[in-house]
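Below is one structure, written out as structure tokens; the observations come after it.
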Amino acid sequence: MGWSCGLVGLPNAGKSTLFKAITAHQVTIAGYPFSTVDPNRATVSPDDPRLTSLAAISGSEKVTPATIEVIDVAGLVEGASRGEGLGNQFLGHLRNVDLLVHVVAAYEEEQLSREMLAARSETINLELALADLDTIKRRREKTEPKLKSGDKSVAFELELLEHMEKHLNEGLPLRKILFSPEEKIFLDQLSLLTGKAMFYVYNHDENFICEDSHELFIDQPSMVICGRLEAELVDFPAGEREQFLQAFGLKESMIPKLLQRCFELLKLVTFYTVKGSEARGWVVPRETRAAQAAGKIHTDMEKGFINTEVMTWDCLTASGSPAAVRDRGMSRTEGKDYLIQDGDVIFVRFRS
Ligand SMILES: Nc1nc2c(ncn2[C@@H]2O[C@H](COP(=O)(O)OP(=O)(O)O)[C@@H](O)[C@H]2O)c(=O)[nH]1
Ligand SMILES: [Mg+2]
644 MGWSCGLVGL
654 PNAGKSTLFK
664 AITAHQVTIA
674 GYPFSTVDPN
684 RATVSPDDPR
694 LTSLAAISGS
704 EKVTPATIEV
714 IDVAGLVEGA
724 SRGEGLGNQF
734 LGHLRNVDLL
744 VHVVAAYEEE
754 QLSREMLAAR
764 SETINLELAL
774 ADLDTIKRRR
784 EKTEPKLKSG
794 DKSVAFELEL
804 LEHMEKHLNE
814 GLPLRKILFS
824 PEEKIFLDQL
834 SLLTGKAMFY
844 VYNHDENFIC
854 EDSHELFIDQ
864 PSMVICGRLE
874 AELVDFPAGE
884 REQFLQAFGL
894 KESMIPKLLQ
904 RCFELLKLVT
914 FYTVKGSEAR
924 GWVVPRETRA
934 AQAAGKIHTD
944 MEKGFINTEV
954 MTWDCLTASG
964 SPAAVRDRGM
974 SRTEGKDYLI
984 QDGDVIFVRF
994 RS
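Shown next, in the form of structure tokens:
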């Protein structure tokens with residue numbers, strides 16, 4: 644299964660600019676609403692220095708990094724939940740994504756304040772909440788007539804719908820509720836928007852941005868970036884990028900960090916396989932067991948799973964080879980229920 648994030652934000656927030664920066668794809672960037680009618684989609688691989696060093700020590704010719712899909716839907720406007728500004732269509736594109744990246748325009752402001760940025764993200768958050776309330780209402784209308792049947796699952800569902808409705812009416816997104824595993828199974832069918840993880844990107848101007856502003860908001864998953872500068876950066880040859888950034892007092896592009904943060908928010912871990920001439924990164928949810936992880940590589944590996952040898956990527960790169968890791972006593976054998984940890988390199992043993 645692939646992972647995806649959708650860019651949301653008001654028209655002219657800088658979504659298409661950020662999309663270009665992330666994907667290095669040329670897309671329409673224009674200062675009027677709805678220039679992005681159909682969503683732009685691209686699959687990108689976050690830079691993974693761990694994979695690069697694993698490939699180097701194993702002499703891999705082929706390096707296959709983990710990927711995430713990025714989707715740029717057109718700007719949501721006030722009233723989108725009622726179908727304004729092609730609203731329903733845009734919201735539809737967002738229902739299938741795993742993470743929302745909320746782009747907020749701040750490029751006309753010299754100083755950023757928390758209050759100002761919160762106010763600017765309100766319209767979108769409200770539209771997403773209204774869309775969820777609408778989904779919940781429809782579901783209730785379908786479920787309520789079944790209550791007479793005495794079916795316990797109907798009562799369970801109605802109670803949950805009511806609880807969520809109350810929460811949304813208090814102005815809180817559903818991602819703030821801790822749901823039980825049973826509730827989560829039911830919720831997956833509804834594709835509620837405010838239940839998705841949200842990462843805020845505050846789009847500042849290159850003339851105002853400073854290194855300190857990256858860390859402005861520590862209690863909210865967010866990042867201050869300069870979208871226009873990041874998008875221009877991809878047009879420079881790799882060797883000239885650093886110099887270009889330095890001219891604005893910046894050390895590095897924020898895009899790799901942004902993708903890294905998205906992976907963290909999605910609670911994903913990356914594990915690695917090194918086989919023959921290929922070094923590969925794989926992305927799975929935290930709490931994935933070894934046998935399931937093996938099944939991602941090949942279904943036969945899950946079916947015939949015996950056990951897996953595990954070593955950490957840093958130990959392997961420091962030691963130089965799997966044999967050297969074994970000699971140092973730093974390799975372990977784990978069974979099917981072992982929980983895969985971020986940075987594990989696994990060598991699966993299976994019956995074929
Ligand atoms: N000054 C400045 N303008 C920006 C920045 N990011 C976006 N813009 C402008 O905002 C307008 C809309 O950008 P776009 O990415 O198409 O917005 P979208 O509607 O959210 O996709 C364009 O004219 C951009 O030049 C920025 O960092 N600084
Ligand atoms: Mg756009």
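Throughout, my numbering is defined as the position within the sequence shown, counted from one, plus 643. Even glycine gets a Cβ: it sits at the ideal position worked out from N, Cα and C.
CB contact flag (residue i, residue j, <8 angstroms)
i	j	result
C869	E883	no
E977	N950	yes
T837	D777	no
G947	R994	yes
E873	A698	no
A840	L734	no
E753	F851	yes
Proximity test, residue i beta-carbon vs ligand 2 heavy atom, cut-off 7 angstroms
i	result
K642	It is not possible to answer for residue 642, since the shown part of the chain is limited to 644 through 995.
K658	yes
Cβ neighbour criterion (16 or more within 10 Å) applied to residue i
i	result
L796	Per the sequence shown, residue 796 should be read as Ser rather than Leu. S796 should be labelled exposed.
E758	exposed
T666	buried
A890	exposed
N739	exposed
L982	exposed
A709	buried
E787	exposed
R971	exposed
S865	buried
A881	exposed
S659	buried
Contact test: residue i Cβ vs ligand 1 heavy atom, cutoff 7 angstroms
i	result
G870	yes
V746	yes
Y750	yes
P654	yes
N683	no
N768	no
Cβ shell of residue i (< 6 angstroms), same chain only, five flanking positions each side left out
i	result
G645	E712
R763	V747
F990	E952
L959	V968 and V988
Other residues of its chain near residue i: CB distance less than 8 angstroms, five sequence neighbours each side excluded
i	result
K819	H810
S974	E952, V953, M954, P965 and V968
I940	T916, W925 and V991
H736	G649, P682, I714 and V716
V877	K663, A664 and A667
E751	D848
K979	R932, A933, A934, F948 and N950
Same chain only: Cβ atoms within 7 angstroms of residue i, ignoring 5 sequence neighbours per side
i	result
A772	L811, P816 and T837
D690	P899
V912	V927, R929, I983, Q984 and D985
E704	S920
F887	L876 and F879
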